[in-house]
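Colleague: Here my numbering is used: the sequence shown runs in plain steps of one and ends on residue 275.
This is the structure I want to talk about, given as structure tokens.
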Amino acid sequence: MNQYLESFCDIFAEAIERYRFDVSATDEDTIVLAQKTYQLKFVMWREAVEVSFCELKTDNGVLVYNVRDFIITQMKDEDRVIPENAVQPGWSDVYKRNICSLYHFSNALKHRLPSMLKGQMDWLELYEKSEWYREPKYENRCI
Numbered sequence: 133m134n135q136y137l138e139s140f141c142d143i144f145a146e147a148i149e150r151y152r153f154d155v156s157a158t159d160e161d162t163i164v165l166a167q168k169t170y171q172l173k174f175v176m177w178r179e180a181v182e183v184s185f186c187e188l189k190t191d192n193g194v195l196v197y198n199v200r201d202f203i204i205t206q207m208k209d210e211d212r213v214i215p216e217n218a219v220q221p222g223w224s225d226v227y228k229r230n231i232c233s234l235y236h237f238s239n240a241l242k243h244r245l246p247s248m249l250k251g252q253m254d255w256l257e258l259y260e261k262s263e264w265y266r267e268p269k270y271e272n273r274c275i
């Protein structure tokens with residue numbers, strides 16, 4: 133079972149409801165917000181949370197854009213504000229760090245890149261011009 137799923141659903145509750153995402157934990161470390169034509173994939177590693185925008189190309193394939201660093205460069209100080217009770221005593225340092233990162237990404241997507249949450253591609257031109265741009269990879273669809 134994915135230890136982040138419950139917290140993730142709380143953190144992204146507004147986006148999940150607003151954009152009617154299907155939420156799936158594909159393994160112990162990965163959670164996907166899915167729509168018919170796109171997905172946002174979050175992988176919680178020991179060192180960081182990775183974020184990918186996945187554009188569905190076929191029934192089984194997606195074009196994956198690694199957008200973590202791009203989103204971080206779009207963040208403002210107010211996106212790094214999290215609720216006081218966001219981190220609970222007794223949690224491991226890794227878990228605490230990843231929960232804080234999920235709050236940051238949720239805020240940045242909501243305030244700076246809502247088009248990404250909507251599945252629109254108008255952010256792509258800015259991403260392609262950024263120093264964090266990486267060629268997208270074609271992968272098998274995970275859900």
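Glycine is no exception: its CB is placed at the ideal position from the N, C-alpha and C atoms.
1. Please classify Y270: is it buried, with 16 or more other beta-carbons within 10 angstroms of its beta-carbon, or exposed?
2. Rounding to the nearest angstrom, what Cα-Cα distance links R244 and D209 in this structure?
3. What residue from A166, H236, R150 and Y151 has the CA that sits closest to A157's CA?
4. Which runs of the alpha helix (DSSP H), 4 residues or longer, sit entirely within the stretch 237-275?
5. Considering only the alpha carbon of each residue, which of N198, I143, D225 and E182 lies closest to W255?
6. Checking 9 Å against the spacing of the C-beta atoms, do F174 and I203 come in under that value?
7. Only counting the same chain, and skipping five residues up and downstream in sequence, which positions put a Cβ closer than 8 Å to that of Q135?
8. Going straight from the alpha carbon of V181 to that of S233, what length do you get?
9. Quick check on S224: buried or exposed, where buried means 16 or more other Cβ atoms within 10 Å of its Cβ?
10. In chain order, what residues of the same chain lie with their CB nearer than 7 Å to the CB of D154, ignoring the 5 residues before and after it?
11. Does the beta-carbon of L241 have 16 or more other beta-carbons within 10 angstroms, so that it is buried, or is it exposed?
12. Extract the residue ranges of the beta strand (DSSP E) inside the stretch 162-226, only unbroken runs of 3 or more that lie entirely within it.
13. How would you call M133, buried or exposed, if buried means at least 16 neighbouring beta carbons within 10 angstroms?
Modeller: Considering the structure as presented:
1. Residue environment for Y270: exposed (fewer than 16 other C-beta atoms within 10 angstroms of its C-beta).
2. If you take the alpha carbons of R244 and D209, they lie about 12 Å apart.
3. For A157, the closest alpha carbon among the candidates A166, H236, R150 and Y151 is that of A166.
4. If we require 4 residues or more, the alpha helix (DSSP H) runs fully inside the stretch 237-275 come out as 246-250 and 256-261.
5. It is N198.
6. Here F174 is not near I203, since their CB atoms are 9 Å or more apart.
7. These residues qualify, in order along the chain: E160 and Y227.
8. Distance from the CA of V181 to the CA of S233, rounded to the nearest whole angstrom, comes to 7 Å.
9. By the 10 Å Cβ count, S224 comes out exposed.
10. The residues are A166.
11. Result: buried.
12. Fully enclosed beta strand (DSSP E) runs of 3 or longer: 162-166, 170-176, 181-188 and 193-198.
13. Result: exposed.
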